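Below is one structure, written out as structure tokens, with a few remarks after it.
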Amino acid sequence: MIFFILILGLVLRLISLNQSFWLDEATSGLVVRNFSLTEIVTKFSPGDFHPPLYYLILKVWSSFFGTSEIALRFPSIIFGLLTIYFVYLIGKELFNKKAGIIAGILLATSGLHIYYSQEARMYSLTALLVSYLVYLFLKKKWFSFSIILLLVGMTDYPALLILPVFWILAGKDWKNLAFSHLLLIISYVFWFPTFLKQLVIGSSLNSASPSWAGLLGTFSFKNFALIPVKFVFGRISFDDKYLYASIILLTAFLFGYLILKSIKSTRRVDSIIWLWLVVPIFLGMIISFRLSIFSYFRFLFCLPAFYLLVAVGLKKLKPKISNILIIVLVGMNLIFSGIYLFNPRFQREGWRELTTFVKEESGNKSAIILFVADSNMEAYKYYDSNANITGPNGFGTKYKEIWLIRYLQPVFDSKDLLRAKIEASGYNKEKEYDFNGVVVWKYEK
Numbered sequence: 001m002i003f004f005i006l007i008l009g010l011v012l013r014l015i016s017l018n019q020s021f022w023l024d025e026a027t028s029g030l031v032v033r034n035f036s037l038t039e040i041v042t043k044f045s046p047g048d049f050h051p052p053l054y055y056l057i058l059k060v061w062s063s064f065f066g067t068s069e070i071a072l073r074f075p076s077i078i079f080g081l082l083t084i085y086f087v088y089l090i091g092k093e094l095f096n097k098k099a100g101i102i103a104g105i106l107l108a109t110s111g112l113h114i115y116y117s118q119e120a121r122m123y124s125l126t127a128l129l130v131s132y133l134v135y136l137f138l139k140k141k142w143f144s145f146s147i148i149l150l151l152v153g154m155t156d157y158p159a160l161l162i163l164p165v166f167w168i169l170a171g172k173d174w175k176n177l178a179f180s181h182l183l184l185i186i187s188y189v190f191w192f193p194t195f196l197k198q199l200v201i202g203s204s205l206n207s208a209s210p211s212w213a214g215l216l217g218t219f220s221f222k223n224f225a226l227i228p229v230k231f232v233f234g235r236i237s238f239d240d241k242y243l244y245a246s247i248i249l250l251t252a253f254l255f256g257y258l259i260l261k262s263i264k265s266t267r268r269v270d271s272i273i274w275l276w277l278v279v280p281i282f283l284g285m286i287i288s289f290r291l292s293i294f295s296y297f298r299f300l301f302c303l304p305a306f307y308l309l310v311a312v313g314l315k316k317l318k319p320k321i322s323n324i325l326i327i328v329l330v331g332m333n334l335i336f337s338g339i340y341l342f343n344p345r346f347q348r349e350g351w352r353e354l355t356t357f358v359k360e361e362s363g364n365k366s367a368i369i370l371f372v373a374d375s376n377m378e379a380y381k382y383y384d385s386n387a388n389i390t391g392p393n394g395f396g397t398k399y400k401e402i403w404l405i406r407y408l409q410p411v412f413d414s415k416d417l418l419r420a421k422i423e424a425s426g427y428n429k430e431k432e433y434d435f436n437g438v439v440v441w442k443y444e445k
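The numbering of the sequence shown is the UniProt record's numbering, which starts it at 1 and goes up by one.
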């Protein structure tokens, strides 16, 4: 049965895989295209906000398969499928095969997990490593646990918030658990100077731009509420807000009931699942008052725990009711996932379409592509490395045509100073375009 679930998961993750990269994915593409393995660690990482392991894996992968959208996203599909398998094993280990199957099929059809299994970023890998780490903890395979813990720590910092869960449950195994941290500690002795640079840069950005900090994930009730909403619905929403709110309330009641039913367990070891779901999110909430990490996608590694709890809740119901609800939940997942997979509106930003359009429209004219912030140019560079692009300080009046990319303008140019400067220089706005969230204004003189 798990084989067919994995096939279903693969098919769903292959749909619309060739959609345009968005900004952060393009950054991944440029990193593996422009940096060597050594340079990723020494030159790129100090200015990034993540450990380097994912980029190193992607660099090796790209040397064999290239840097197209499909090529760079495929490792995340593999990581996603392996996560489904380990969730099945965890459910089987803790409860029974049926619980593992239910959790596996729910994760395989999850809109949020499909989305990040199609993204050239580290979140799918993080979810895999944390799931494997939980499985190794249950099996008490401490040497393997030590190695995977090291990989977790070198993939994504928030994933280390899973560690208190193991300490809460370690009991007589606390010495083995302590020794299993040695590889991670040793690696961080060498990595700490780079981590410190990343921390300083991240903190300075938070202080300099509250809007940017909010976008990255400071604590708010909205960001807190988005975690369960996105866990269930994925990256979609509904125009009719009353309909959206009604569906949220109905699903909240259903999932809440199943999760509450699942945690009424007398076995101490079962508590690892709800601790896995709650502890990292709670700690992330506290940290987010100082560092902006409280965004739902950073806790994708908690999604397997969410579905394991749902699976256990379903298992505790009468078989007839349980089977009906399994069909309902899988059906809901498939509907929500289908809306994302087949509706471009809910897919990623259209940078590929933008660069193609601007190149065709500009032709041989004297034109410049102008961004409101230097940090927003990676996606355009990925798709057109020869384009005449610049940040706000590169504005000049010698060009006949200006393409103003207003991406994240409220964050980086909240007073709209660049637009005012362009119009004060005698340029007239001719047209406005929207490439799935990337807004561009065309100016001519």
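From the three backbone atoms N, C-alpha and C, an ideal C-beta is built for every residue, glycine too.
Please read these numbers as outputs of a predicted model, since none were measured by experiment.
Item	Value
Beta-carbon contacts of I389 that lie in its chain and below 8 Å, excluding the five residues immediately before and after	I368, I369, L370, F371, M377, Y380, K381
Own chain partners of I287 with C-beta closer than 7 Å, once the 5 adjacent residues on each side are dropped	I293
Contact set for Y433: own chain, Cβ-Cβ below 6 Å, skip 5 residues either direction	V440
Presumed contact (8 Å Cβ cut-off) between I101 and L275, rounded CB distance	That pair is no contact at about 23 Å.
Contact between the segment 313-333 and the segment 252-262 (3+ Cβ pairs under 8 Å)	yes
Extent of the continuous alpha helix (DSSP H) run through E353	351-362
Cβ neighbours of S237 in the same chain (closer than 7 Å, five flanking residues each side left out)	Y244
Contact the segment 308-323 vs the segment 78-97: 3+ CB pairs below 8 Å	yes
Residue span of the beta strand (DSSP E) that contains V438, given as start and end	438-444
Where A373 sits in the DSSP three-state scheme	coil
Those residues which DSSP pairs with I368 across a bridge	I402
Contact between the segment 46-61 and the segment 147-163 (3+ Cβ pairs under 8 Å)	yes
As assigned by DSSP and simplified to three states, the class of D48	coil
S203 versus L8 - alpha carbon distance	42 Å
Where the alpha helix (DSSP H) containing Y135 begins and where it ends	123-139
Sequence-distant residues of its chain with Cβ nearer than 7 Å to T266 (five each side left out)	Note that T266 has pLDDT 49, beneath the 50 cutoff, so the model's placement of it is unreliable and no number is given.
Cβ distance (whole Å) where L6 is taken to contact I90 below 8 Å	Rounded, the Cβ-Cβ distance is 15 Å, inconsistent with contact.
Any alpha helix (DSSP H) of 4 or more consecutive residues that is wholly inside the segment 34-84	53-65
Per DSSP, the bridge partner or partners of Y433	V440
Beta-bridge partners of N428, as assigned by DSSP	E444
Inter-residue CB distance, L12 and L329 (contact presumed, cutoff 8 Å)	So it is not a contact: roughly 15 Å between Cβ atoms.
Beta-carbon separation (whole angstroms), G217 vs S295, contact threshold 8 Å	4 Å
Residues of its chain near K365, where Cβ-Cβ distance is below 6 Å and the 5 sequence neighbours each way are ignored	K400, E401
Proximal residues to T397 (C-beta, below 6 Å), its chain only, five neighbours per side dropped	S425
Residue range of the alpha helix (DSSP H) that includes A245	241-262
K230 to Y115 span [Cα, whole Å]	11 Å
Inter-stretch contact at 8 Å, needing at least 3 Cβ pairs: the segment 334-351 / the segment 15-27	yes
Contact under 8 Å by Cβ, S28 with L58	yes
Coil, strand or helix - T155 by DSSP	coil
Member of V134, P392, F435 whose CA lies at the smallest distance from the CA of E353	F435
DSSP bridge partner residues for T218 (one or two, in chain order)	Per DSSP, none; premise fails for T218.
Terminal residues of the alpha helix (DSSP H) in which L329 lies	319-342
Cα-Cα separation, W174 to I186	19 Å
Given A170 as reference, the closest of L136, K318, F224 once Cα atoms are compared	L136
Helix, strand or coil at I236 [DSSP, three-state]	coil
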